[in-house]
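A.B. asks: Chains as they are written, first to last, in UniProt numbering: chain A, 1 to 186; chain B, 1 to 386.
Beta carbons are placed, not taken as given, at the ideal position from N, Cα and C, and that holds for glycine.
Since this is a predicted model, take the numbers as computed values, not measurements.
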Amino acid sequence: MDVKREKLLIEQAKESLEAFDELYEYYFPKIYGYIFNRTRNRQLTEDVTSETFLKAMKKIDSFVDKGYPFGPWLYRIAHNTLIDAFRKASYDRIPDSFDSTSEYSTDGDILENEEQELIVQAVQQLPEQYQEILSLRYFQELENEEIAVILKTSSKNVALKMHRALKALKELLSNDYYKSRIGTIE
Amino acid sequence: MRETNKYQKLEELLTNTKVPLGDLSIDAQYKQSLKSELYNEVTSGSKSSSVWSQIVALVNTSYVLGVAFVLLTIFVVINFDERTLKSEVVAASIIEIPESTIVKIVRSDPSEVITAVEGDIVGIGDVVEVSGSATTIISEHGDKILADNNAEFTFLAQDEHELTLRQFAGSMYIAVSDTEESKREITVAVRDSILTTESGAEFLIDIDEETDNIEVFKASVDIMQNSSVVPVGQYQKVIISPESNEVSVSELDPDANKRIIVQKYRKQLEETGAVIDRSPPVIELSTDVSSPSQSRYLQIDGKLNDDSMIRKIKINSHEYYANDGNEYPVQRNGQFSIPWELEEGDNELTLYAYDEYWNTSSILFTLTYEPREEDLPVPTEEVIGL
Chain A
1 MDVKREKLLI EQAKESLEAF DELYEYYFPK IYGYIFNRTR NRQLTEDVTS ETFLKAMKKI
61 DSFVDKGYPF GPWLYRIAHN TLIDAFRKAS YDRIPDSFDS TSEYSTDGDI LENEEQELIV
121 QAVQQLPEQY QEILSLRYFQ ELENEEIAVI LKTSSKNVAL KMHRALKALK ELLSNDYYKS
181 RIGTIE
Chain B
1 MRETNKYQKL EELLTNTKVP LGDLSIDAQY KQSLKSELYN EVTSGSKSSS VWSQIVALVN
61 TSYVLGVAFV LLTIFVVINF DERTLKSEVV AASIIEIPES TIVKIVRSDP SEVITAVEGD
121 IVGIGDVVEV SGSATTIISE HGDKILADNN AEFTFLAQDE HELTLRQFAG SMYIAVSDTE
181 ESKREITVAV RDSILTTESG AEFLIDIDEE TDNIEVFKAS VDIMQNSSVV PVGQYQKVII
241 SPESNEVSVS ELDPDANKRI IVQKYRKQLE ETGAVIDRSP PVIELSTDVS SPSQSRYLQI
301 DGKLNDDSMI RKIKINSHEY YANDGNEYPV QRNGQFSIPW ELEEGDNELT LYAYDEYWNT
361 SSILFTLTYE PREEDLPVPT EEVIGL
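Pasting the structure below:
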């Protein structure tokens, strides 16, 4: 979305929520995809997406353009809502795809093979901040600079955390459980 | 670049694991009905589709009721003997906390209490509560919460609207003083507690510009600058240009949580006109050293006079860090009363006093222990040759 157009819509949305419509249409799939890639659970994704947009619509008045785009602001709301959801609800964070009877597994072969499932499983065992940073980089394909804006830190710090996250994931994948299934990762 | 190659295979796996938006087949009807539901909820504020929403709505009906609800929740959750600190956070913050510490955030909108985890955002109007013994220091350039002697929460102002909440253990100090117009001398002093880094914590020094003089009082600390670990001993001069306004020392724990240990703003000092103390403490000893003591145990009492707070006292090889509270032998205001065990005869003691900026003074004095007759050990038969 064009930056000028986005700014205009935000200002208009503060006056009338109808202007939020275009923002919703544009960002809904992104936020949904972001949350889904972190949870791999449709029910949780829908709940968190709903909560995220509810908060965004309620707080749009407080959004001040300080050079940060609207997207990162929305991602941050989604991130926090997700963390709260993990804590508050009794959602099982293991992806539905591991359950052959789940809604997700009947939704098609989104995760193509066991290797992908195992990677997802391993990522979900990492500390939340690592999940967050890996998800933003590899599932949302954002650059360090963009991630830094979302996490309100420096890109140098993002790079450091990324390194730590990859290291932690690699270590996790080197244990026998994963090694016997996906082999050694060089 | 080397790091990227090191994880190339892993990065490929992660990228392949992404579920592309095109494969998600988001139900258009769901998307549309959600939108309508959200619009209705926001505009009417009355339709609540979940228990949570109902609670939010209920709490939001009255701010007072909301606060009462939150306080009651905390009252139930937190042990009675723990003091709870409430500090109004006036802007968005990111929270970083260690595993063992419970930090609660009371959301202002919607009102709710959550147990904070790494990376939580503290929003405008939120209240941060730290369980356990706690005090708070609110400073002009950042609000600080001291959870206990070894844990400190600092709100660091990132700009006029945002604050970052970080926590660290132990203490590290930087003393900044102007040496010439164009440069500034910086001394980094590290208290031991923070350096028991068996897990291999890294320390970062973030410096805006070039260097001035950084002297680190602990050679075993690794300092990281521009992503490269540099032995402390290599830091000789760190120049901070007049335009530059910040130097900070941070710790990176094994989970890559960056914790600002200390941060100094040149601008802050200039703006507030703070005077850097370069005078050593003046030691006033009130314990009588002129006449012999007849007791093996005595108190070494006195007062250190200084423009700054006192850091520690060292007597011979024993160190006493200053801390407020009657249980501490050295107070930060300079009062001290240190229990000392004497050897029989003359005891030569050197007392070193350090202020906050590591200005040091010392005195040498002698205490004599002359036991009373009745305190002398009764000679055994062996001693007197029987």
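Can you give the Cα-Cα distance for B:R372 and B:S291, rounded to whole angstroms?
C.D. replies: One-based indexing of the second sequence puts residue 372 of chain B at position 372. One-based indexing of the second sequence puts residue 291 of chain B at position 291. Roughly 14 Å between the two C-alpha positions.
A.B. asks: Starting from residue 219 of chain A and walking both ways along the alpha helix (DSSP H), at which residues does that stretch end?
C.D. replies: No answer is possible for residue 219 of chain A: the residues shown for chain A start at 1 and end at 186.
A.B. asks: From the DSSP output, in three-state form, read off A:R40 for me.
C.D. replies: If you number the first sequence from 1, residue 40 of chain A lands on position 40. In this structure, A:R40 counts as coil in the three-state DSSP scheme.
A.B. asks: Answer yes or no: do B:D306 and B:S286 have a C-beta to C-beta separation smaller than 8 Å?
C.D. replies: Working through the second sequence from its first residue, we reach residue 306 of chain B at position 306. Working through the second sequence from its first residue, we reach residue 286 of chain B at position 286. No, the pair does not count as a contact, with Cβ atoms beyond the cut-off.
A.B. asks: Which value, in whole angstroms, describes the spacing of the CA atoms of A:K55 and B:N326?
C.D. replies: As a position in the first sequence, residue 55 of chain A is number 55, starting the count at 1. As a position in the second sequence, residue 326 of chain B is number 326, starting the count at 1. A direct Cα-Cα distance of roughly 49 Å separates A:K55 from B:N326.
A.B. asks: Name, please, each residue of chain A whose Cβ falls closer than 7 Å to the Cβ of B:L34.
C.D. replies: In the second sequence, counting from the first residue as 1, residue 34 of chain B sits at position 34. S50, listed in chain order.
A.B. asks: Please return the same chain residues whose Cβ sits closer than 7 Å to the Cβ of A:R76, not counting the five positions on each side in sequence.
C.D. replies: In the first sequence, counting from the first residue as 1, residue 76 of chain A sits at position 76. Only I150 meet the Cβ criterion.
A.B. asks: Since A:I24 and A:T49 should fall inside the 8 Å C-beta cutoff, what is the C-beta to C-beta distance between them, to a whole number of angstroms?
C.D. replies: Position 24 of the first sequence, counting from 1, holds the residue named residue 24 of chain A. Position 49 of the first sequence, counting from 1, holds the residue named residue 49 of chain A. Correcting the residue type first, residue 24 of chain A is Tyr in the shown sequence and not Ile. Between A:T49 and A:Y24 the Cβ distance is about 11 Å, and since that is not below 8 Å, they are no contact.
A.B. asks: Hey, quick one: how far does the beta strand (DSSP E) through B:N305 stretch, first residue to last?
C.D. replies: Counting from 1 along the second sequence, the entry for residue 305 of chain B is found at position 305. B:N305 -> beta strand (DSSP E) spans Y297 to N305.
A.B. asks: Within its chain, find whatever has a CB closer than 6 Å to the CB of B:R332; leave out the 5 residues flanking it on each side and keep chain order.
C.D. replies: By 1-based counting over the second sequence, the position of residue 332 of chain B is 332. Closer than 6 Å at Cβ, skipping near neighbours: M309, I310, A322 and D324.
A.B. asks: Give the DSSP bridge partners of B:Y354, in chain order.
C.D. replies: Taking the second sequence and counting its residues from 1, the one referred to as residue 354 of chain B is at position 354. BP columns for B:Y354 point to B:K312 and B:T360.
A.B. asks: State the Cα-Cα distance for the pair B:D222 and A:L160, rounded to the nearest angstrom.
C.D. replies: On the second sequence, position 222 is the one that residue 222 of chain B refers to. On the first sequence, position 160 is the one that residue 160 of chain A refers to. Because the pLDDT of B:D222 is 40, which lies under 50, any placement of that residue in the model is unreliable, and the number read from its coordinates should be weighed accordingly. Roughly 16 Å separates the two Cα atoms.
A.B. asks: Determine the burial state of A:N37: buried for a count of at least 16 other Cβ atoms within 10 Å of its Cβ, exposed for fewer.
C.D. replies: Reading the first sequence from its first residue, position 37 is the one you call residue 37 of chain A. A:N37 comes out buried.
A.B. asks: How about A:T45 and A:T81: do their beta carbons lie closer than 8 Å?
C.D. replies: The residue you call residue 45 of chain A lines up with position 45 of the first sequence. The residue you call residue 81 of chain A lines up with position 81 of the first sequence. For A:T45 and A:T81, no; Cβs fall outside 8 Å.
A.B. asks: Express the C-alpha separation of A:S174 and B:E349 in angstroms, rounding to a whole number.
C.D. replies: Counting from one through the second sequence, the residue named residue 349 of chain B turns up at place 349. Counting from one through the first sequence, the residue named residue 174 of chain A turns up at place 174. Rather than Glu, the amino acid found at residue 349 of chain B in this sequence is Leu. B:L349 and A:S174: Cα-Cα distance of roughly 58 Å.
A.B. asks: So B:Y7 packs on A:K170, CB below 8 Å; how close in whole Å?
C.D. replies: Mapped onto the second sequence, residue 7 of chain B falls at position 7. Mapped onto the first sequence, residue 170 of chain A falls at position 170. About 7 Å; that satisfies the 8 Å criterion.
A.B. asks: Strictly by DSSP, which residues pair up with A:Y130?
C.D. replies: Here residue 130 of chain A corresponds to residue number 130 of the first sequence, with the count starting at 1. According to DSSP, A:Y130 shares a beta bridge with no other residue.
A.B. asks: Please determine, among B:S293, B:N40 and B:K35, the residue with the shortest C-alpha to C-alpha distance to B:E370.
C.D. replies: Indexing the second sequence from 1 puts residue 370 of chain B at position 370. It is B:S293 whose Cα lies nearest to the Cα of B:E370.
A.B. asks: Going by DSSP, what residues sit across from B:Y320 in a beta bridge?
C.D. replies: The sequence position of residue 320 of chain B within the second sequence is 320, counting from 1. Answer is B:I313, bridged to B:Y320.
A.B. asks: List, in order along the chain, the chain A residues whose C-beta lies closer than 9 Å to that of B:N40?
C.D. replies: Residue 40 of chain B sits at position 40 when you count from the first residue of the second sequence. Result: empty, since nearest Cβ-Cβ is about 11 Å, beyond 9 Å.
A.B. asks: Measure from the C-beta of A:P29 to each C-beta in chain B and report whether the shortest distance is under 8 Å.
C.D. replies: Here residue 29 of chain A is taken as the residue at index 29 of the first sequence, counted from 1. By this cut-off, A:P29 is an interface position.
A.B. asks: In the structure shown, what three-state DSSP assignment does B:L367 receive?
C.D. replies: Looking up residue 367 of chain B in the second sequence gives position 367. B:L367: strand per DSSP, three-state reduction.
A.B. asks: For the alpha helix (DSSP H) containing A:S155, list its first residue and its last residue.
C.D. replies: One-based indexing of the first sequence puts residue 155 of chain A at position 155. First-last of the alpha helix (DSSP H) with A:S155: S155 to L173.
A.B. asks: Got a sec, what are the start and stop residues for the alpha helix (DSSP H) B:E284 sits in?
C.D. replies: Counted from its first residue, the second sequence places residue 284 of chain B at position 284. No alpha helix (DSSP H) contains B:E284, which is instead part of the beta strand (DSSP E) from V282 to L285.
A.B. asks: Under 8 Å, Cβ to Cβ, is there at least one residue of chain B near A:L74?
C.D. replies: By 1-based counting over the first sequence, the position of residue 74 of chain A is 74. Chain B, which has no Cβ nearer than 8 Å to the Cβ of A:L74, makes this no.
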